[in-house]
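Everything in the sequence shown is counted per numbering that gives the first Met the number 0, starting at 0 for the first residue and increasing by one.
Step one of this worksheet: look at the structure below.
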Amino acid sequence: MPLTLYDTMTRAKRAFVPADPRRVTMYVCGPTVYDYSHIGNFRPVVVFDVLFRLLRRLYGDDAVVYAANVTDVDDKINARAAAEGVPIEAITDRYLAAYNADAAALGALAPTVQPRATQTMAAIVAMIGRLVGNDAAYAAEGHVLFDTQGFSGYGRLSGRPLDEMIAGARVEVAPYKRHPADFVLWKPSKPGEPEWPSPWGPGRPGWHIECSAMIEQELGLPIDIHGGGIDLVFPHHENELAQGVCADHGHGYANYWLHNGFLNMADEKMSKSLGNVALAHDLLKVQPGEAIRWALLAAHYRQPLAWTEEALSQARNSLDHLYGVLGRARHVEAAGGGGLAEDQLAPLLDDLNTPAAMAALKKLAGDLDAAVRRDAGSAGPVKQQLMALAEVMGFLQAEPQAWFQGGADEDLKARIEGLIAARDAARAAKAWSEADRLRAELAGMNVEVMDGPAGATWRIKEQA
Ligand SMILES: [Zn+2]
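Here it is in C-alpha cells:
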C-alpha cells in the first residue's frame, strides 16, 4: 500500500513518489523567535513530525532530510530587543531554545537541519541577485521587489483570483511597487536596526525569500514535500514558489504541498481553569507533553482542531488506558511479531489519518490486555505491534511508571513507595485495618494504588 498525501497544488490525494528514495526531502516553515509560541504553531510541528517518522520508517532513518527554518530577523524581534535594550541574538537565542525544548516535550524529533535566516544571508543575497538578473525582480528606492506580473504561474498554489487574495491579505501598497502584489525581497533597515551588506544597499531580507534560499541551499530543488499551516498558502508559499521557480529556470520547487488546518481555541471554561493556555510553554507546565501531542493529533491534520479542555482530558484518559495496559504487560517481551504489519500502518499511509491510527493503537492495546489476562502466547507479538505503531506516532515512549508518576519529585516517590511497601507487608500479614489505613493515607496524598498480578502500581491522580 503506497503512501498517499493530499497536495494543495493539485487539490487531490496523490501517491507519494520521492524524486530520489535514497534522499527524501521535506521542508516545513518554522517559528519567528521573538516570544513563546502559540499552541496553534505547534500543530504543524507535531503533524509533520508524524510524517517525518513515517517517511523514516518507509525509506530509512538516514534517507530522510527534514529542514525547518528559524526566522531570527524580523520587526517583532527588533521591537522586543529594543524594548529590553539587548542585541537581537539575546531574544532569538532565548526563544529558539524555549521553542525547541517545548517541541521536544511534545515528542517531536529534532529536524535534520534548522537553518537560521541570519546565518543564510549569503545564499539569500545571491538568490535575490539571480532574480534581478533574470528580470523576475527589480530594485527601487533601496528595496528589491518581486515582479508578480512577470510570473505567469503566480496564484496557482492558492488558486484564487489575485485581486481577491490581495484584498484578503491586505498587502502593503507602496509608491515603489509596480503592482500592489509585488513583494519585498530586500529592504533597508531602520536606523539602529541590524543590517547586512548587499548590492542594493545595506538592509535585510523579506520573510519569503529566506525559505526559498534555505530550501535551495539545504535541500536542493525541487524538494519532495513542503509543509506548513493553511494560513501560509497565501502569500507566503505562493511567494516562496514564485521565487524558487524564477531564480532557477527549469526547476520545479516542491512536488507535494501539505497544509494543516487551524487550531481553534474558543473554550471559555478552559481559559478560566488553566489560565494562559494559549502558549505551549505554559500549557506544558500543567499537562504532560504526550497528552498535548495526543490532543493535537486527535483530528485529521487537514481539519480544523477544536482546542478544548475536554479534548485534553480525553487525551489523558486515552494515554492512562494505554499506559495502564503496558504496565500490566510489563513482564511481556515485545517480540515474535516480525515487525509492524502493513495493515497497521494503513491509516497513516492514507494521508496521515491520525485519528484512525490512534483507534488502531487502542485496538492493539485491547488485544494485548486480553492476551495478558489469558496469559496467551500471542502477547509478545501484539506488544511488538503496539510499540512499533506507537513509535511511528511518537506515543508511549515513556515507561508506564514514569507516565503515571509524572509530577512527583524523588522525595515524594520514595515516601509513596515506602507506604506501598508497608501496605503490601500489612496485606501479607493479613493486617487488613493497617493496610486500609495506609491506602487511605496514600489517597490523601492524591495517590491511587492499582493492584495487579505483578504487584501494585501507583499514579498521581489528576487534580479535579
Ligand atoms: Zn516558509
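Every residue gets a Cβ at the ideal spot worked out from N, C-alpha and C, and that includes glycine.
Min CB distance residue i to chain C below 9 Å
i      : result
Leu144 : Given the protein chain composition of this structure (a single chain), no chain C is represented.
Cβ-Cβ distance between residue i and residue j below 9 Å
i      : j      : result
Ile127 : Ala136 : yes
Lys382 : Ala328 : yes
Tyr322 : Phe261 : no
Gly149 : Asp134 : yes
Ala66  : Tyr26  : yes
Gly393 : Val170 : no
Thr9   : Asp71  : no
Asn263 : Ile222 : no
Pro201 : Ser188 : yes
His330 : Ala364 : no
Leu283 : Ala294 : no
Ala387 : Met0   : no
Gln313 : Ala298 : no
Arg48  : Leu108 : According to the sequence shown, residue 48 is Asp rather than Arg. Against a cut-off of 9 Å, the Cβ pair of Leu108 and Asp48 comes out as a contact.
Gly226 : Pro354 : no
Arg414 : Met444 : yes
Gly106 : Gln396 : yes
Leu144 : Arg177 : yes
Leu411 : Glu440 : no
Ala340 : Gln384 : yes
Thr91  : Ala212 : no
Trp431 : Val446 : no
Among the options, the one whose alpha carbon lies nearest that of residue i
i      : options                        : result
Leu437 : Val45, Val285, Ala421, Ala359  : Ala421
Trp199 : Gln313, Arg52, Val131          : Val131
Ala173 : Lys189, Pro193, Glu140, Gly249 : Glu140
Leu347 : Asp366, Val391, Lys75          : Val391
Pro22  : Asp342, Gly393, Thr111, Ala439 : Note that residue 22 is Arg in the sequence shown here, rather than Pro. When each option's Cα is compared against that of Arg22, the closest is Thr111.
Ile214 : Lys412, Gly29, Thr7            : Gly29
Ala166 : Pro179, Tyr94, Pro20           : Pro179
Leu278 : Ile38, Val170, Arg13           : Ile38
Asp350 : Lys12, Glu171, Met8            : Lys12
Arg292 : Gln302, Arg301, Trp306         : Trp306
Arg315 : Glu289, Ala298, His299         : Glu289
Glu239 : Gly365, Glu209, Thr119         : Glu209
Met372 : Asp73, Gly451, Pro160          : Inspection of the sequence shows that residue 372 is occupied by Arg rather than by Met. Looking at the Cα atoms, Gly451 is the closest of the given residues.
Ile459 : Val232, Gly251, Pro287         : Pro287
Tyr252 : Leu220, Lys429, His235, Leu282 : Leu220
Arg155 : Pro234, Val143, Leu95          : Pro234
Ser157 : Thr7, Gly226, Arg56, Arg79     : Thr7
Arg301 : Asn352, Ser317, Ala340, Leu311 : Asn352
Thr24  : Trp256, Gly205, Asp162         : Trp256
Pro160 : Ser317, Ile224, Glu237         : Glu237
Asp247 : Glu433, Tyr5, Arg129, Arg203   : Arg129
Arg203 : Ala96, Asp74, Asp162           : Asp74
Val285 : Leu2, Ala369, Asn77, Ala104    : Ala104
Ala359 : Asp408, Ala389, Gly338         : Ala389
Met464 : Ala401, Gly405, Val232, Gly376 : Nothing about residue 464 can be read from this structure; the chain reaches only from 0 to 463.
Met357 : Leu318, Ala370, Ala138, Glu308 : Leu318
Pro190 : Ala78, Lys429, Leu304, Ala125  : Ala78
Inter-residue CB distance, residue i and residue j (contact presumed, cutoff 8 Å)
i      : j      : result
Arg87  : Pro193 : Checking the sequence, you will find Ile at residue 87 rather than Arg. Yes, Ile87 and Pro193 are in contact; Cβ-Cβ is about 6 Å, under 8 Å.
Gly228 : His207 : So it is not a contact: roughly 15 Å between Cβ atoms.
Gly454 : Pro399 : The pair is not a contact, with the Cβ atoms about 13 Å apart (cut-off 8 Å).
Val69  : Gln113 : 6 Å
Ala89  : Ala80  : 7 Å
Phe51  : Ala102 : Incorrect: roughly 12 Å between the Cβ atoms, too far for contact.
His142 : Tyr94  : About 28 Å; that fails the 8 Å criterion.
Leu57  : Leu2   : 6 Å
Val464 : Asp374 : Residue 464 is absent from the model: the chain starts at 0 and stops at 463.
Proximity test, residue i beta-carbon vs ligand 2 heavy atom, cut-off 8 Å
i      : result
Arg372 : Ligands displayed in this structure: ligand 1; ligand 2 is not among them.
TODO: Please list, in chain order, all residues with a C-beta atom less than 6 Å from at least one heavy atom of ligand 1.
DONE: By the rule of a C-beta closer than 6 Å to any heavy atom of ligand 1, the residues picked out are Cys28, Cys210, His235, Glu239.
Open item on the list: Within 8 Å, do at least three Cβ pairs link the stretch 31-49 to the stretch 173-190?
Closed with: Short answer: they don't touch.
- [ ] Say whether the stretch 58-72 touches the stretch 234-244, bearing in mind that this needs 3 or more beta-carbon pairs closer than 8 Å, one atom from each stretch.
- [x] Result no; under three Cβ-Cβ pairs closer than 8 Å.
- [ ] Take every Cβ of the stretch 334-344, pair it with every Cβ of the stretch 372-387, and state whether three or more of those distances are shorter than 8 Å.
- [x] Counting Cβ pairs under 8 Å, three or more are found: they touch.
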